[in-house]
Every structure is written in structure tokens, then in C-alpha cells.
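Reading through the C-alpha cells given below for one structure.
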Amino acid sequence: MDFVQARKSMVEGQLMTSGVLEPRVLGAMGAVPREEFVDETQKSIAYLDVAHRLAGPAGRFMAAPVVLGKMIELAEIGDDDIVLDVACGTGYSTAVIARLANSVVAVETDEAMVARANQILARLDVGNAAVIKAPLKKGAPAEAQFDVIIIEGAVGAVPQALFDQLRVGGRLVALLGDGASATAVLHVKGEEEIARVEAFNASLPPLRELFPKPAFTL
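The sequence shown begins at 3 in the numbering used here and counts up by one.
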């Protein structure tokens, strides 16, 4: 399979036709080999505009290209930005963001997936990103403050700990809602409050760790 052509088709036939037009985002997604981040059996379908389930106990998915592209574009990542990538899976989103930012810290909960992601990033010479093992709701406080935080999955609510790791003026992009009925929301941290802008509807598999547990009732 011609993966170079597949990437070009993804950019021109999926991203651009869906409204992702920022040249830096298109360039980053057109340069990162998406097929490297999935299992061998999935390589031939890596560029379909669907979320790909990743092996491992965490139940992670690699986001569909259009959803990820829109979220990254919404975050307006600059060359000097330090970014936190929450629920990065095998690191595809991390590699794309690393082409746009100064540096990226990514968090995952499964040790084997963290190791695999770091191995792929090293193999692709992504030198300004690292994946660490941590609960998603805790983020990476030792590396804070962040200019941008992106959560790769649908969530019920954004944990306060993540807002605490966002600098004033920083942006956090998350899909709020359950799976197919989620809304991409841009959060901008002010001195005293967080502004919210609902940007677009999207679908990503839910991150159950970031849904409030139902109250116990008799």
C-alpha cells in the first residue's frame, strides 16, 4: 500500500473537505505516518476516517483524522507552546502535536502502551515529546504549567486538576458528552474564571475514567 498517497488523500479528501484548513495542521498530519501507530492488521485501514481501537486493557482508540484535526486546529497551538496530550494511546496525536508545539507531555494509564508509544516516537525521531504513565484525571502536574491541553476522547467533565495545570490564557480542548453525542468545547483560562466556547459536534469513544461515577441510591 502507498502510505504516502494515503496521507495525501487523508489531507485533501478528509481534512480539507471537512473544514480543517490551517496549513500547519494539514502539514503536520500529512507528515506523520499514521500507520506506524496501529497494529499490523490495521495498517491498510489506518487512514479511514474512523477511530481505531488499540490493543491493551485501557480500551483506547486512535481518533479519526477529521475529529483530531478539528480539535488540534481549535487549540491554535503555537511554536512556543507546551502541550499536555491526555489519553494519547500509542502516540499518534502526540507526534502530530509535536510538529506544531515547542514540546509535548502525554499521559496514558497502561504501562505497556506508554512503552509502546515512546518506542514509536523514538523510532520516528520525535525528540520533543514524551509519554508518561499517570491517571488521566491527574495529568502531569510536575510538568505544568501548560499552554494547551487536549483530551483525546469524550468526557463527562474536565477534571479540576487539568484546569489547575493550565496557565492563564491557556486553552483546553475536550469533547463533552457520551461518545456519538459529544460537543467539542474550547476552554480558555482567565484570571478568575474559565470561558467556554462550543465549537462543533463530534464523536469519539468515551474515556470512562473521566465520567463522574453515578451516585449510590437505594
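Even glycine gets a Cβ: it sits at the ideal position worked out from N, Cα and C.
Exercise for the section: Taking F148 and G172 to be in contact with their CB atoms under 8 Å, please state how far apart those CB atoms are, rounded to whole angstroms. Expected result: 6 Å
Problem - 6 Å CB neighbourhood of I74 in its chain, flanking five on each side removed - result: Excluding residues within five positions, the ones whose Cβ falls inside 6 Å are V27.
Problem - Spatially closest choice to A100 from D127, D112, G91, by CA coordinates - result: For the residues D127, D112, G91, the minimum Cα distance to A100 belongs to D127.
Problem - Which listed residue (D51, D83, F165, P59) has its alpha carbon closest to that of M18 - result: D51
Practice task
Might you give, ordered along the chain, the residues of its own chain that have their beta carbon closer than 6 Å to the beta carbon of A108, omitting 5 neighbours on each side?
Solution key: D87, C90, T96, V133
Problem - Proximal residues to F202 (C-beta, below 7 Å), its chain only, five neighbours per side dropped - result: K72, A186
Handout entry: Simplified DSSP assignment, three categories, for V22
Key = Reduced to three states, the DSSP call for V22 is coil.
Problem - Alpha-carbon to alpha-carbon, A142 and A136 - result: 7 Å
Exercise for the section: Output yes or no for whether 8 Å exceeds the beta carbon distance between L212 and V69. Expected result: no
Handout entry: Three-way DSSP call (helix, strand, coil) for G71 in this model
Key = helix
Handout entry: Straight-line gap, N120 to L178 (C-alpha atoms, nearest Å)
Key = 28 Å
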